[in-house]
Each structure stands twice: as C-alpha cells, then as structure tokens.
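Q: Residue numbers (the numbering used here): 13 to 218.
Quick reminder that beta carbons are idealized off the backbone N, C-alpha and C, glycines included.
Small disclaimer: the values here were computed from a predicted structure and weren't measured.
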C-alpha cells in the first residue's frame, strides 16, 4: 500500500503575483493573482485569480462521560446555514475562535464553561484540519474530553456577543439515529461523533 506521507509540492512551488483586500471586518476577504506548479511537470499554471476568506484559527471539543453514558451537543442559529432547507439552527460541538495568542486547549476550556458550564478533564486532540480549504484559511483543532455532565441541558452563551445557545445532553444510545437522521451538517460534529461511535464499539468488543 502506498501511503501518502507528505505533499507533492511545498511553499516554494507557487508564486503570488498580486493581492488586494476586498473587505476587512471580523473576517477578511482577499483577492489573489497566483500561479502554481503542475503535477509531474516543471511548468506552472497561467495566472489564476482566487478569493480567499481569512478566518481565525478555531477549536472545538466533544464532551462526553463514559460513566454516565452521555454526551453533550449545542444548538444555535448559524448565518452560514440561513438558506438550509430545514433550519439554520444547527447541532454542533462546543467551539470558538482562538483569542490572539491563546492556545487551542485554553480556548476550549473557556468555551466549555461559557457554552455548557462544564469543567473539562484531560483533553485529547483528534485532528487539525481546514474545513473549507477551497476558499477559507480557517484551521480547526478538534478535541474530545471527559467531564461530568449535568442531568439536563440549559441555555448558555454570552449575550453581549449575540450568543443564545441551547445545551443538549444525549445518551450513547441516541448516537445511531443521530448519525443518519439528517440533523448533523457540519464536519467537526460528524467527525467527533464518529470518533465516539468507534470508542463505544471498541469498548463493547474488548
């Protein structure tokens, strides 16, 4: 089996001919004129133009309890899903953007308290990935952590930041239906719950 361990090319194999900011706010939108090397050739593409959305690094965590056989998800309004055929209120893991030089783990612990009231035990890093590398620079750090979960959910968030977050406490037995009923529509929550499914499966087959 041929396992791909490194990229075919690196940062020396593209050239930026021009860049300009089209918008600067919480996010920034930049227009780039660039060329990049062609696979298995020394030639480069002709000049192509791309819009790049800059977003800060972000981190998220799936909180679960093996003892309670439960896990936590949050639900909130998301403008990116405003045209969703069902609802812009999305189910997610707890997450937030890194504040300045803040570490991913510090961000997660802060967001967990704000969005669930839960203090986390040891964090386990699962993946760091680009959710939409075709147009967005955001790098997302995905973690899982055990914690004692409340018996019932509640409403959390920072009102001054426009947050209105509903915490759901679910049973492990809810996982199979949740994975197929169409309510999960963002990569971090799907990846995290697939991890949890595999962990539960491994424990049951020890």
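Between the alpha carbons of residue 50 and residue 16, how many angstroms are there, rounded?
A: If I take the Cα positions, the gap works out to 18 angstroms.
Q: Does the distance from the CB of residue 123 to the CB of residue 145 come in under 8 angstroms?
A: Cβ atoms of residue 123 and residue 145: not closer than 8 angstroms.
Q: Pick out the complete beta strand (DSSP E) segments inside the stretch 47-83, 3 residues or longer, and give them in chain order.
A: Qualifying beta strand (DSSP E) stretches, in chain order: 60-66, 70-77.
Q: The beta strand (DSSP E) that contains residue 34, what's its start and end?
A: Element bounds for residue 34: 26-36.
Q: Does DSSP classify residue 216 as helix, strand or coil?
A: Three-state DSSP puts residue 216 in a helix.
Q: According to DSSP, is residue 173 part of a helix, a strand, or is it coil?
A: Residue state, collapsed to three classes: helix.
Q: In whole angstroms, what separates the C-alpha of residue 159 from that of residue 135?
A: So the two alpha carbons sit approximately 10 angstroms from each other.
Q: Rounded to whole angstroms, what's the CA-CA distance from residue 79 to residue 161? Just pull it up for me.
A: Roughly 10 angstroms separates the two Cα atoms.
Q: For the putative contact between residue 164 and residue 181, defined by C-beta atoms under 8 angstroms, what is the C-beta separation to the nearest angstrom?
A: The pair is a contact, with the Cβ atoms about 6 angstroms apart (cut-off 8 angstroms).
Q: Comparing alpha-carbon positions, which option in 92, 83, 40, 61 lies nearest residue 105?
A: Here the closest residue by C-alpha is 83.
Q: Would you tell me roughly how many angstroms separate the C-alpha atoms of residue 48 and residue 55, rounded to the nearest one?
A: So the two alpha carbons sit approximately 9 angstroms from each other.
Q: Please state if the CB of residue 74 and the CB of residue 156 are separated by a distance shorter than 8 angstroms.
A: Going by C-beta atoms, residue 156 is nearer than 8 angstroms to residue 74.
Q: Use the C-beta contact count for residue 37: other C-beta atoms within 10 angstroms, 16 or more gives buried, fewer gives exposed.
A: Label assigned to residue 37: exposed.
Q: Just mark residue 170 as buried or exposed, buried being the case when its beta carbon has 16 or more other beta carbons within 10 Å.
A: So residue 170 counts as exposed.
Q: Give me the DSSP bridge partner(s) of residue 101.
A: DSSP, once it has assigned bridges, lists 89 as partnering residue 101.
Q: Between residue 101 and the rest of its own chain, which residues show a CB-CB distance below 6 angstroms, the 5 nearest in sequence each way excluded?
A: 87, 89, listed in sequence order.
Q: Which residue's Cα is closest to the Cα of residue 95: 201, 205, 197, 204?
A: Of 201, 205, 197, 204, the residue nearest in Cα terms is 197.
Q: Please give me, in chain order, every unbroken run of the alpha helix (DSSP H) with length at least 4 that falls completely inside the stretch 133-218.
A: List check, alpha helix (DSSP H) in window: 187-190, 199-216.
Q: Between the stretch 117-132 and the stretch 201-216, do three or more beta carbon pairs fall short of 8 angstroms?
A: The stretch 117-132 vs the stretch 201-216: no contact.
Q: Can you give me the Cβ contacts of residue 186 inside the same chain, cut-off strictly under 6 angstroms, excluding the 5 residues immediately before and after it?
A: No residues qualify anywhere along the chain.
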